[in-house]
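For reference, the structure discussed in these notes is given below.
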Amino acid sequence: MTFYTQSLSAQIAITTVFSILVLISVVGNILACIVILANRSMRTPMNYLILNLALADIMVVSFVTPRFIFIHAFDHPDGLLGTLICKLFTGSNFSWLGGSASVYSLVAISVERYFAVVHPYGNRGKLTMKRVKYVIAGCWVLAVAFNLPLFFTMQYNPEIDFCTEYWPAMWMARVYSTSWLIFFGALPIALMTVLYARVVRRLWFKRDQGSRVTQAAVLKSRKRVTKMVITVSLVYSVTWFPVLIIYMLNYFHDSQQYGNIVYIIGIVIVTFNSCVNPFVYVFVNERFRNHLKRLFRLPCQGANRMNLERGEPTNDGADSSSQHHRPAIYVVAQEL
42 MTFYTQSLSA
52 QIAITTVFSI
62 LVLISVVGNI
72 LACIVILANR
82 SMRTPMNYLI
92 LNLALADIMV
102 VSFVTPRFIF
112 IHAFDHPDGL
122 LGTLICKLFT
132 GSNFSWLGGS
142 ASVYSLVAIS
152 VERYFAVVHP
162 YGNRGKLTMK
172 RVKYVIAGCW
182 VLAVAFNLPL
192 FFTMQYNPEI
202 DFCTEYWPAM
212 WMARVYSTSW
222 LIFFGALPIA
232 LMTVLYARVV
242 RRLWFKRDQG
252 SRVTQAAVLK
262 SRKRVTKMVI
272 TVSLVYSVTW
282 FPVLIIYMLN
292 YFHDSQQYGN
302 IVYIIGIVIV
312 TFNSCVNPFV
322 YVFVNERFRN
332 HLKRLFRLPC
342 QGANRMNLER
352 GEPTNDGADS
362 SSQHHRPAIY
372 VVAQEL
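Mapped onto my numbering, the consecutive letters of the sequence shown carry residue numbers 42 to 377.
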């Protein structure tokens with residue numbers, strides 16, 4: 042596969058950057074999935090949407106970066122086999138599929154936050170464990186439906202040694218690329234902006250009457266969750282929207298070709314979006330951070346337990362009897 046530059050140092054730099062990004066993204070999002078699945082208190086409808094978002098991020102980086110990482114180790118075949126590989130692997134179709142599912146997940150999260158905060162006392166719009174299954178399935182069904190044209194149009198071009206889209210007519214390509222910008226960029230971002238504006242107004246600028254203790258606990262929980270999902274949505278908007286603009290402009294300007302520096306930057310930005318989300322979960326949300334710390338402490342606790350069975354001292358510096366009698370106080374609303 043032809044690289045984008047003849048400079049060896051640039052090739053090494055690009056390969057290194059993508060290798061680091063994909064490692065961070067895969068490890069970070071897998072840890073996010075483990076935290077949610079391994080803790081019963083984290084298995085909420087809201088968190089299952091976060092889990093779905095993490096899986097979509099893994100799909101994005103898994104199919105968009107390998108061709109850059111293994112650029113010198115892979116000789117792309119020609120003919121029917123080359124086209125098939127383009128459709129399934131090197132053409133990044135599944136990366137676009139993951140990106141589609143991620144934005145639908147973000148929209149679903151914003152709708153859930155809106156009804157949970159602005160209309161908390163009704164069943165309308167309330168996300169239950171049963172409903173979240175249909176929401177997640179709907180995200181992927183819509184994503185597959187919208188991405189089907191890519192699987193038909195993506196082919197291998199031996200002249201440039203790259204996978205490109207071949208449309209029967211240019212107007213079809215322009216309509217499709219513009220649809221991406223509208224339905225995965227402008228409309229979702231506008232909808233999330235409106236919904237989160239209502240949520241922020243309700244949480245930070247309007248107070249309800251009720252028990253002060255209960256209200257404070259619920260308010261803190263809702264603010265924590267809201268800050269996290271708004272940050273994730275903002276990161277998506279900043280990273281994906283420019284890429285969608287680049288994709289659309291590619292069919293409106295003949296000079297804009299795949300393989301240039303703009304395309305490389307776009308792929309880096311998309312990959313960065315999938316990398317940063319796990320850090321948002323950890324740094325913005327305290328409960329997520331605490332569960333992650335517990336996850337990493339488990340191997341140490343297992344080693345200490347084995348030492349106790351052998352009669353050896355532990356390194357935790359605490360009396361084991363006191364650990365079993367500590368009172369536990371649970372905060373009232375566990376929304377995340």
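Where is the CB? At the ideal position from N, CA and C, for every residue including glycine. These figures come from a predicted structure and were not determined experimentally.
Is the segment 278–289 close to the segment 50–68, with three or more CB pairs under 8 Å?
In short, these stretches do not touch, since the Cβ pair count stays below three.
Closest by C-alpha distance to I230, when choosing among I177, S143, P118, K261:
S143
Applying the criterion that 16 or more other CB atoms from any shown protein chain within 10 Å of the CB defines a buried residue, is P86 buried or exposed?
buried
Buried or exposed, going by whether 16 or more other CB atoms sit within 10 Å of the CB of R337?
The identity of residue 337 in the sequence shown is Phe, whereas the question assumes Arg. With fewer than 16 Cβ atoms within 10 Å of its Cβ, F337 is classed as exposed.
Enclosing beta strand (DSSP E) for M195 [first to last residue]
195–198
Output the distance between the C-alpha atoms of T131 and A79, rounded to the nearest integer angstrom.
34 Å
Looking at the secondary structure, which residues open and close the beta strand (DSSP E) in which C204 lies?
Its beta strand (DSSP E) spans residues 203–206.
Report the CB separation of L90 from S133 in whole angstroms; it is logged as a contact under 8 Å.
Rounded, the Cβ-Cβ distance is 24 Å, inconsistent with contact.
With a threshold of 7 Å on Cβ separation, who are the neighbours of I271 within its own chain once the five nearest residues in sequence on each side are excluded?
Y237
So, helix, strand or coil for H332, using DSSP?
helix
Identify the continuous alpha helix (DSSP H) that holds P118 and give its terminal residues.
That residue, P118, is in no alpha helix (DSSP H); it is neither H nor E in DSSP.
In whole angstroms, what is the alpha-carbon distance linking S262 and T205?
Going by C-alpha positions, S262 is about 47 Å away from T205.
Looking at S278 and V101, is the spacing between their C-beta atoms short of 8 Å?
no
Where A51 sits in the DSSP three-state scheme:
helix
Does the pairing of the segment 92–110 with the segment 306–314 give three or more beta-carbon distances under 8 Å?
yes
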